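Q: Sending over a structure as structure tokens; questions will come in a sec.
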Amino acid sequence: DQQVKQNSPSLSVQEGRISILNCDYTNSMFDYFLWYKKYPAEGPTFLISISSIKDKNEDGRFTVFLNKSAKHLSLHIVPSQPGDSAVYFCAASGDGGGNQGGKLIFGQGTELSVKP
Amino acid sequence: KAGVTQTPRYLIKTRGQQVTLSCSPISGHRSVSWYQQTPGQGLQFLFEYFSETQRNKGNFPGRFSGRQFSNSRSEMNVSTLELGDSALYLCASSAGLHYGYTFGSGTRLTVV
């Protein structure tokens, strides 16, 4: 039962263009969402997050959009740079049971390749 | 400030043995979580500790256990190792969910 899904295993984008990474979830109790970037042999690096009370959060070139009715979130990277090439994971937290901390449910990841 | 430190970076063990992995969180972070990453299953939550108490637990067998010390350092232990336990084990610490979780570089465990 995969509660967080990233249906695109890979994405290739030209440098300077927009990268859009998508993520769907099934558990309506999730109330906090995060995006991580990961290089091989390293731990994930936190990028940006969004609370379920918002529908957009922006940080520099990174913007996350949340559509709660569709249970969908997306990460936009504008403009894309070759250094952005990595695996991107979305993660969700919060089960409504009061134990809000620590348990992140990750998607399978999308490998982004930004070509010069 | 120093990041999350995991030791050792690499480990090779034989089936049936046990292993202990260590994680030193960022100073001041009281929450420490552990994750297993494998090619087939992705990143899966093992457990989370906060102030020396296990606050959350994932769906792993009892062979996987952990603990947290008063200085917030954490260890996880896997007993009776199986070939399928070969994975990258990641530790993450946080000052609170809204600050995100900072991950260490992981321990690559190979069971032969």
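Top line first, the protein sequences correspond to chains A and B.
For the first sequence, this note's numbering gives the first residue as 129, with consecutive numbering after it.
For the second sequence, this note's numbering gives the first residue as 3, with consecutive numbering after it.
Cβ coordinates follow ideal geometry from the N, Cα and C atoms, glycine included.
All of these numbers come straight from a predicted model, not from anything done at the bench.
Does chain A have any CB closer than 8 Å to the CB of B:S106?
A: Sequence inspection shows Gly at residue 106 of chain B; the Ser mentioned does not correspond to that position. Interface residue, yes.
Q: Residues of the segment 46–63 of chain B with a CB closer than 9 Å to any CB of chain E: list them in chain order, please.
A: Here the protein chains are A and B, and chain E is not one of them.
Q: Can you name, in chain order, every residue of its own chain whose Cβ lies under 6 Å from the Cβ of B:Y51, other than the five neighbours on each side?
A: Result list for B:Y51: V34, Q70 and S76, in chain order.
Q: Is the CB of A:G171 under 8 Å away from at least one CB in chain B?
A: Closer than 8 Å: yes.
Q: Taking only the alpha-carbon atoms, compute the straight-line gap between A:N135 and A:S179 and give it to the nearest angstrom.
A: For A:N135 and A:S179, the distance between alpha carbons rounds to 22 Å.
Q: Using a threshold of 8 Å, state whether the C-beta atoms of A:S140 and A:S208 are closer than that.
A: Their beta carbons are not under 8 Å apart, which means A:S140 does not touch A:S208 by this criterion.
Q: Measure the CB-CB distance between A:D152 and A:H204 and report whether it falls below 8 Å.
A: Against a cut-off of 8 Å, the Cβ pair of A:H204 and A:D152 comes out as no contact.
Q: Can you name the residues of chain A whose CB is closer than 7 Å to the CB of B:Y103?
A: Result: F174 and L232.
Q: Specify the secondary structure class of B:Y101 as computed by DSSP and reduced to three states.
A: Three-state result, B:Y101: helix.
Q: Can you pull the chain B residues whose beta carbon is under 7 Å from the beta carbon of A:G247, in chain order?
A: In the structure as shown, chain A begins at 129 and stops at 244. Residue 247 of chain A is therefore absent and cannot be evaluated.
Q: Whole angstroms is fine: what's the gap from A:E186's alpha carbon to B:V114's?
A: Computed Cα separation, rounded: 46 Å.
Q: When burial is assigned at 16 or more other CB atoms within 10 Å of the CB, is A:F234 buried or exposed?
A: So A:F234 counts as buried.
Q: Do A:V192 and the ligand SAH come close, with the Cβ less than 7 Å from some heavy atom?
A: Absent from the structure shown: the ligand SAH. Ligands present: none.
Q: By the 9 Å beta-carbon criterion, what residues does the segment 71–104 of chain B contribute toward chain A?
A: Result list: L90, L92, C93, A94, S96, G98, L99, H100, Y101, G102, Y103 and T104.
Q: Kindly confirm or deny that the segment 37–44 of chain B and the segment 86–95 of chain B touch, where touching means at least three C-beta pairs closer than 8 Å.
A: With a cut-off of 8 Å, the segment 86–95 of chain B and the segment 37–44 of chain B count as touching, because enough Cβ pairs lie within range.
Q: Quick check: the segment 101–112 of chain B against the segment 48–62 of chain B, are at least 3 beta-carbon pairs closer than 8 Å?
A: Cβ pair count under 8 Å is below three, so no.
Q: Can B:G68 and B:T7 be called in contact, C-beta distance under 8 Å?
A: Against a cut-off of 8 Å, the Cβ pair of B:T7 and B:G68 comes out as no contact.
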